[in-house]
Amino acid sequence: MFINKDLLEFFGSMMEIKKQKRDIFNALAADVDDPEIRNTLLRIGADEQRHVDQIQQSINLVNSGSTAEPMVPEAAPAPQVAPAPAPPAPTIAPATLQPAIAIAQPAIVRPEPPQPVAPMPVPEPVAAPPTYVQPVQPIAQPITQQVVVSEPVAPTVSQLQQPAPPQPLTYLTPTIATPAAPAEPAYSEPAEQSISSFASPLSSGTQRYPVQPPTSKTFENMTTLHHPLGEVFGFAATDQSPKAQRYRSHRHCPFNNKSPNCTNSHTENPLGVCSILHNNKAIITCPIRFREDWLITDDAASFFFEPGVRWSSLTDVRLADANGTSAGNMDVMLVAYDKEGKIIDFGAIQIQTAHIDGNVREPFECYMKDPKTNAMMDWTRQPNYPEPDFLSAMRTSVVPELLYKGGILHSWNKKMAIAINKSMFETLPPLTRVKKDEADIAWLLYELEAVNDGEKEAYQLKKSEVVYTAFQPTLLALTAIAPGNVNDFMKFIPELGA
């Protein structure tokens, strides 16, 4: 059956994800000095192995009711059980952030063979009320992104080895698909080479609902606007000053971009939206927006270095592991010097912005047709109204960068600062705070503050707070999960095959 085949492929993907997570947590335990944290990591790794076994039971259940040739994903090799003499516990050495450190491997209890499960009865079908879905016209126009690969900077730091980071995980969940707009593509710098991105399934033509005409006011407080555009090419959407008009007409960026022009999402047709409005607040969606007046470098330097130390900054510095494989670029790197100009220390700044759920390009392009008239447009009745997606940003950006880049920096005993919107930080799991001199990470929380500038309004970047945390407890808090009951999931299987 096609449904069984798709279900088996889904189970196979889930099994691979669980295996990789199991290996990651077991590997992280090697770098932990606190026995309680190490035991917690090992317990999570054992839980992931148990999930693998439970998924295998589900696969066997589906295969037992299918007449087609069963498709069973390749099972993970049986883990080696470490002998358990008197302490210290036996160790193994998997790939970790520090390969030279042995990892304590907990004793693994082999699960008993799965018992056959009788098929669950399928309830009588109940007629559901009709659901009306607006048709979506797809387009096939590809979007290209530009990236820059900077030359690596090699501070005099050595003796540490790092394995190549694993490929990002893809999380799949069984859902009933409905047409929906993807999030806007992430920001990219001007590039030496271009890469293809996905094509938006939304039409860029006329809106499904007519845009409401603007009010008769020529000026309105930004918190009362009825569209999602906070800043366009560096200026408030309501700003009609000659300078704002010049930046919009030439597509300039006023926030220290490498290029004088905006390169957000696309170089030839950039998405010039620096921030979007959400709950009467401007939420930063472009990482370059954090470079206003280089406040982030001053705030990070006060965490990295002692007062009075001379330092300079670099942007987009390539970070590689022991094998020379790139772990990504550090957004900003601060380097400290002595009186003779010799490098004595450095630290890295990572910038985290919210992803966008919905379509922000359509209101942006509508606004750009006539910025003065459309500054007061009503976009609230349009489909796919854009909103910040903090959860997606945490899972696909914050955690991977903290794991790979932060792991390398932590093994070098170097500090890391994370510049982030305060509203986004408040959606993260609770983090254990420590004193500044005990911290590995400084979370620099910023907000865009609306200020009056003569007859117009503008946004200014303001530091709200600094939160200090240690590396290992932070990583554990951000990667901890609360799995649901596997029996509840298995009850859902007959519905997929109905």
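Oh and the sequence shown: position 144 is 144 in full-length UniProt numbering, straight run, nothing missing.
The C-beta atom is built at its ideal place from N, Cα and C for all residues, glycine as well.
Exercise. In or out: THR297 buried (at least 16 other Cβ within 10 Å) or exposed?
Worked result: buried
Exercise. Which residue or residues does DSSP assign as beta-bridge partners of SER312?
Worked result: VAL335
For this session: Compute the Euclidean distance between the alpha carbons of ALA348 and ALA417, then round it to the nearest angstrom.
Result: 6 Å
For this session: Taking 8 Å as the cut-off, decide whether the C-beta atoms of ILE288 and GLY230 are in contact.
Result: no
Exercise. To the nearest whole angstrom, what separates the beta carbons of PHE233 and GLY272, a pair I think is in contact under 8 Å?
Worked result: 4 Å
For this session: Return the CA-CA distance between HIS266 and ARG361, expressed in angstroms with no decimal places.
Result: 12 Å
Exercise. Distance, Cα to Cα, ASP345 vs VAL335?
Worked result: 6 Å
Exercise. So what does LYS456 bridge to, in DSSP terms?
Worked result: ASP453
For this session: Check whether the segment 365 to 376 touches the segment 238 to 249, counting contact only when three or more Cβ pairs, one atom from each stretch, lie closer than 8 Å.
Result: yes
For this session: Give a yes or no on contact between the segment 415 to 434 and the segment 384 to 397, applying the rule of three or more CB pairs nearer than 8 Å.
Result: yes
Problem set entry | Of the residues ASN280, ALA300, ALA301, THR315, the one placed nearest LYS258, counting alpha carbons only | THR315
Exercise. What does DSSP give as the partner residues of ASN261 in its beta bridges?
Worked result: HIS252
For this session: From the DSSP output, in three-state form, read off CYS286 for me.
Result: coil
For this session: Give the straight-line distance between the Cα atoms of GLY328 and SER64, rounded to the nearest whole angstrom.
Result: 45 Å
Exercise. Around the C-beta of THR224, are 16 or more other C-beta atoms found within 10 angstroms, so that it is buried, or is it exposed?
Worked result: exposed
Exercise. Does TRP294 get closer than 8 Å to chain D when you measure Cβ to Cβ?
Worked result: The chain inventory of the structure shown lacks chain D, comprising one protein chain alone.
For this session: Please report how far the alpha carbon of GLY12 lies from the alpha carbon of LYS405, in whole angstroms.
Result: 29 Å
Problem set entry | Distance, LEU41 Cα to ASN26 Cα | 7 Å
Exercise. Taking C-beta to C-beta, are residue 504 and GLN352 nearer than 8 Å?
Worked result: Outside the modelled stretch of the chain, which goes from 1 to 498, sits residue 504, for which no answer is possible.
Exercise. For GLU74, which residues from the same chain have a beta carbon less than 6 Å from its beta carbon, with the 5 sequence-adjacent residues on both sides left out?
Worked result: For GLU74, the predicted structure reports a pLDDT of 46, less than 50, and the residue's modelled location is therefore unreliable. A value from the coordinates is still provided. No residues qualify anywhere along the chain.
For this session: Have a look at the DSSP bridge pairing and note the partners of PRO388.
Result: ILE356
For this session: For GLN460, collect the residues of the same chain with a Cβ closer than 6 Å to its Cβ; drop the 5 residues on either side in sequence, then sort them by chain order.
Result: GLU449, VAL451
Exercise. What do you get for GLU426, buried or exposed, if any count of 16 or more other CB atoms within 10 angstroms of its CB means buried?
Worked result: exposed
Problem set entry | GLU16 - partner residues in DSSP beta bridges | GLU16 is not bridged to any residue.
Exercise. With distances taken from CA atoms, which of LEU319, ARG310, ALA320, MET333 is nearest LYS339?
Worked result: ARG310
Problem set entry | Alpha-carbon to alpha-carbon, VAL332 and SER241 | 32 Å
For this session: Compute the Euclidean distance between the alpha carbons of MET394 and TYR337, then round it to the nearest angstrom.
Result: 34 Å
Problem set entry | Helix, strand or coil at GLY484 according to DSSP, with G and I counted as helix | coil
Problem set entry | Alpha carbon of ASP321 to alpha carbon of HIS51, nearest angstrom | 31 Å
Exercise. Taking GLN20 as the reference, which of ALA30, ARG43, ILE37, GLN49 has the closest Cα?
Worked result: GLN49
Exercise. DSSP state of GLU401, grouped into three classes?
Worked result: helix
Exercise. Quick one: what does DSSP say ALA477 is sitting in, helix, strand or coil?
Worked result: helix
Exercise. Should PHE492 be labelled buried (16 or more other beta-carbon atoms within 10 Å of its own) or exposed?
Worked result: exposed
Problem set entry | Spatial distance of PHE235 from GLU447 (CA atoms) | 16 Å
Exercise. Identify the residues that DSSP records as bridge partners of MET416: which are they?
Worked result: ALA348, ILE441
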